[in-house]
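Colleague: Before anything else, here's the structure in question.
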């Protein structure tokens, strides 16, 4: 197996692109894919400063690495979720990455906002699945940090993530969600713009990029992700991809071409009476949960 | 002998083996994993007779 770009011994074949690549050309290939996504979908404008939400995993650390390679001055944000040792090990991976490259990493702790409680305790308190609480809390804290810092929020969602989400939304024809699934969501009052530069790169390509760049990412998965529907969808799509290489990319890119057909009335947003960030109710979910958590762990209200 | 580590378990392969055979024996799809030897990506078509290979799952999230 020879590298399509330079003729050296290839280390990986990418069937969806009908190519094999050596380590160096794989890195260049991924850089070009990310550059293409940024250009085609206008993910980052000149002068915009990215804030990368990092989890310590392959995708978020790689997108941070790639933005630096492409000349962006990107900072990082790690959110410590309070999920036992898993959160500590993830934070350690994010810190190691930032320190080795002299990058600025901001750390937010969920416990600091919720009277010492982490995601598992908040889920029990609110009688909701941990992933639901986690998503809401992360979205709030990521937006707040990016918005207040005048940054564009960057996440490490890859093609497989987007395809799994899209597939789930198509199964139920959730028109509102379909209309809002985009590589870049624009800024709005109280909302920072959000972008996903890895949407044209598969999960496997990103893992290969991370390994070839020597990025020391955390392989461990969140303990709450076991049995998640999105993992089932990813498994289905990997079966499909094996039979029909390029299926993921075609499904996602063709969706983007018809996305404008899906419309839903914009929710009427108003400033939260407590924090001022946009919400559909008087008090946003974050502030409501924060109030519920007050005094639960013996901490002062 | 080639020793393969996957999800905390070790598997031993005698004789000539390559990445495709390792995937077949473990029931894995090419899209789901990468093989790594000595910290480097291992091409699936490379014949091996000895050494340690790690199978790295690439699917993540929830």
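Protein chains in written order, with our numbering: chain A, 1301 to 1601; chain B, 256 to 317.
Yeah, the Cβ is synthetic: ideal placement off N, Cα and C, and Gly gets one too.
Hey, would you say residue 1374 (chain A) sits closer than 9 angstroms to residue 1343 (chain A), going by beta carbons?
Modeller: Translated into positions along the first chain, residue 1374 (chain A) becomes position 74. Translated into positions along the first chain, residue 1343 (chain A) becomes position 43. Not closer than 9 angstroms, so no.
Colleague: Please report the residue range of the beta strand (DSSP E) in which residue 260 (chain B) lies.
Modeller: Here residue 260 (chain B) is taken as the residue at index 5 of the second chain, counted from 1. Its beta strand (DSSP E) spans residues 257-261.
Colleague: For residue 268 (chain B), report the span of its beta strand (DSSP E) as first-last.
Modeller: As a first step, residue 268 (chain B) is located in the second chain; it is residue number 13 there, counting from the start. Where residue 268 (chain B) is concerned, the enclosing beta strand (DSSP E) stretches over 264-268.
Colleague: From the DSSP output, which residues share a beta bridge with residue 285 (chain B)?
Modeller: Here residue 285 (chain B) refers to the residue found at position 30 of the second chain. Answer by DSSP bridge pairing: none, since residue 285 (chain B) is not bridged.
Colleague: Please state whether the Cβ-Cβ distance between residue 1353 (chain A) and residue 1455 (chain A) is less than 9 angstroms.
Modeller: Counted from its first residue, the first chain places residue 1353 (chain A) at position 53. Counted from its first residue, the first chain places residue 1455 (chain A) at position 155. Taking 9 angstroms as the Cβ cut-off, residue 1353 (chain A) and residue 1455 (chain A) qualify as a contacting pair.
Colleague: Check residue 1594 (chain A) in the structure and name its three-state DSSP category.
Modeller: Mapped onto the first chain, residue 1594 (chain A) falls at position 294. Correct three-state label for residue 1594 (chain A): coil.
Colleague: Using a C-beta cutoff of 9 angstroms, does residue 293 (chain B) count as contacting chain A?
Modeller: In the second chain, residue 293 (chain B) corresponds to position 38, counting from 1. No, its Cβ sits nowhere closer than 9 angstroms to a Cβ of chain A.
Colleague: Take residue 303 (chain B) as the anchor and find which of B:284, B:312 and B:277 has the nearest alpha-carbon.
Modeller: Position 48 of the second chain, counted from the first residue, corresponds to residue 303 (chain B). The shortest C-alpha separation from residue 303 (chain B) is found at B:277.
Colleague: Should residue 1600 (chain A) go down as buried or exposed, given a rule of 16 or more other Cβ atoms within 10 Å for buried?
Modeller: By 1-based counting over the first chain, the position of residue 1600 (chain A) is 300. Residue placement at residue 1600 (chain A) is flagged as unreliable, the pLDDT there being 47, under the threshold of 50; the coordinate-derived value follows with that caveat. Label assigned to residue 1600 (chain A): exposed.
Colleague: How many Å lie between residue 1407 (chain A) and residue 1445 (chain A) at the Cα?
Modeller: In the first chain, counting from the first residue as 1, residue 1407 (chain A) sits at position 107. In the first chain, counting from the first residue as 1, residue 1445 (chain A) sits at position 145. Rounded to whole angstroms, residue 1407 (chain A) to residue 1445 (chain A) spans 10 angstroms at the Cα level.
Colleague: Any heavy atom of the ligand COA inside 8 angstroms of the beta-carbon of residue 1362 (chain A)?
Modeller: This structure lacks the ligand COA, and indeed carries no ligand of any kind.
Colleague: In the DSSP assignment, the alpha helix (DSSP H) including residue 1604 (chain A) goes from what residue to what residue?
Modeller: A question about residue 1604 (chain A) goes unanswered here, because the residues of chain A that appear run from 1301 up to 1601.
Colleague: Relative to the alpha-carbon of residue 1461 (chain A), which residue among A:1511, A:1585 and A:1499 has its alpha-carbon at the smallest distance?
Modeller: Here residue 1461 (chain A) is taken as the residue at index 161 of the first chain, counted from 1. Answer by Cα proximity: A:1499.
Colleague: Using the Cα positions of residue 257 (chain B) and residue 1505 (chain A), report the straight-line distance between them to the nearest angstrom.
Modeller: In the second chain, the residue the question calls residue 257 (chain B) occupies position 2. In the first chain, the residue the question calls residue 1505 (chain A) occupies position 205. If I take the Cα positions, the gap works out to 25 angstroms.
Colleague: Measure the alpha-carbon distance for residue 1560 (chain A) versus residue 1492 (chain A) and round it to whole angstroms.
Modeller: Against the first chain, residue 1560 (chain A) aligns to sequence position 260. Against the first chain, residue 1492 (chain A) aligns to sequence position 192. In a straight line, the C-alpha of residue 1560 (chain A) is about 22 angstroms away from that of residue 1492 (chain A).
Colleague: Of all the residues that make up the segment 1570-1596 of chain A, which are near chain B by a beta-carbon distance shorter than 7 angstroms?
Modeller: Residues passing the 7 angstroms Cβ filter: none.
Colleague: Going straight from the alpha carbon of residue 1457 (chain A) to that of residue 284 (chain B), what length do you get?
Modeller: Along the first chain, read from residue 1 onward, the residue named residue 1457 (chain A) stands at position 157. Along the second chain, read from residue 1 onward, the residue named residue 284 (chain B) stands at position 29. Rounded to the nearest angstrom, the two C-alpha atoms are 22 angstroms apart.
Colleague: Distance cutoff 9 angstroms, beta carbons only. Does residue 302 (chain B) sit that close to anything in chain A?
Modeller: Counting from one through the second chain, the residue named residue 302 (chain B) turns up at place 47. No, residue 302 (chain B) lies away from the interface with chain A (no Cβ there is under 9 angstroms from its Cβ).
Colleague: Below 8 angstroms on the Cβ atoms is my contact criterion, and I expect residue 1376 (chain A) with residue 1404 (chain A) to pass it. Report the Cβ-Cβ distance as a whole number of Å.
Modeller: By one-based count along the first chain, residue 1376 (chain A) stands at place 76. By one-based count along the first chain, residue 1404 (chain A) stands at place 104. Right, the Cβ-Cβ distance comes to about 7 angstroms (below 8 angstroms), so this counts as a contact.
Colleague: To the nearest angstrom, report how far apart residue 1416 (chain A) and residue 1527 (chain A) are at their CA atoms.
Modeller: The residue you call residue 1416 (chain A) lines up with position 116 of the first chain. The residue you call residue 1527 (chain A) lines up with position 227 of the first chain. Residue 1416 (chain A) and residue 1527 (chain A): Cα-Cα distance of roughly 28 angstroms.
Colleague: Nearest CA to the CA of residue 295 (chain B): which residue from B:311, B:271 and B:282?
Modeller: Your numbering for residue 295 (chain B) matches position 40 in the second chain. Residue 295 (chain B) has its Cα closest to that of B:311, out of B:311, B:271 and B:282.
Colleague: Any idea if residue 1563 (chain A) is buried or exposed, counting beta-carbon neighbours within 10 angstroms, 16 or more meaning buried?
Modeller: Within the first chain, numbered from 1, the residue matching residue 1563 (chain A) stands at position 263. Its Cβ having fewer than 16 others within 10 Å, residue 1563 (chain A) is exposed.
Colleague: State the beta-bridge partners of residue 1375 (chain A) as determined by DSSP.
Modeller: In the first chain, the residue the question calls residue 1375 (chain A) occupies position 75. DSSP lists A:1351 as partners of residue 1375 (chain A).
Colleague: Once you ignore the five residues that flank residue 1310 (chain A) on each side, which residues in its own chain have a CB closer than 7 angstroms to its CB?
Modeller: Residue 1310 (chain A) sits at position 10 when you count from the first residue of the first chain. Here the set comprises 1301, 1302, 1303, 1320, 1321 and 1322.
Colleague: Please list the residues of the segment 1491-1511 of chain A that have a C-beta atom closer than 7 angstroms to any C-beta atom in chain C, keeping them in chain order.
Modeller: This model lacks chain C altogether; the protein chains it does include are A and B.
Colleague: Taking the alpha-carbon of residue 1548 (chain A) as reference, which of A:1577, A:1484 and A:1467 has the nearest alpha-carbon?
Modeller: The residue given as residue 1548 (chain A) occupies position 248 in the first chain. Out of A:1577, A:1484 and A:1467, A:1467 has the C-alpha closest to the C-alpha of residue 1548 (chain A).
Colleague: Nearest by alpha-carbon distance to residue 1479 (chain A): which of A:1497, A:1452, A:1424 and A:1555 is it?
Modeller: As a first step, residue 1479 (chain A) must be located in the first chain, where it is residue number 179. Out of A:1497, A:1452, A:1424 and A:1555, A:1555 has the C-alpha closest to the C-alpha of residue 1479 (chain A).
Colleague: Per DSSP, what kind of secondary structure is residue 1579 (chain A) in: helix, strand or coil?
Modeller: One-based indexing of the first chain puts residue 1579 (chain A) at position 279. In the structure shown, residue 1579 (chain A) sits in a strand (DSSP, three-state: E or B).
Colleague: Under 8 angstroms by Cβ, that's how I've got residue 1509 (chain A) and residue 1367 (chain A) pegged, so tell me the actual separation to the nearest angstrom.
Modeller: On the first chain, residue 1509 (chain A) is found 209 positions in, with the first residue counted as 1. On the first chain, residue 1367 (chain A) is found 67 positions in, with the first residue counted as 1. Residue 1509 (chain A) to residue 1367 (chain A), Cβ: 13 angstroms. No contact.
Colleague: For residue 1355 (chain A), collect the residues of the same chain with a Cβ closer than 7 angstroms to its Cβ; drop the 5 residues on either side in sequence, then sort them by chain order.
Modeller: Indexing the first chain from 1 puts residue 1355 (chain A) at position 55. Cβ within range, chain order: 1390.
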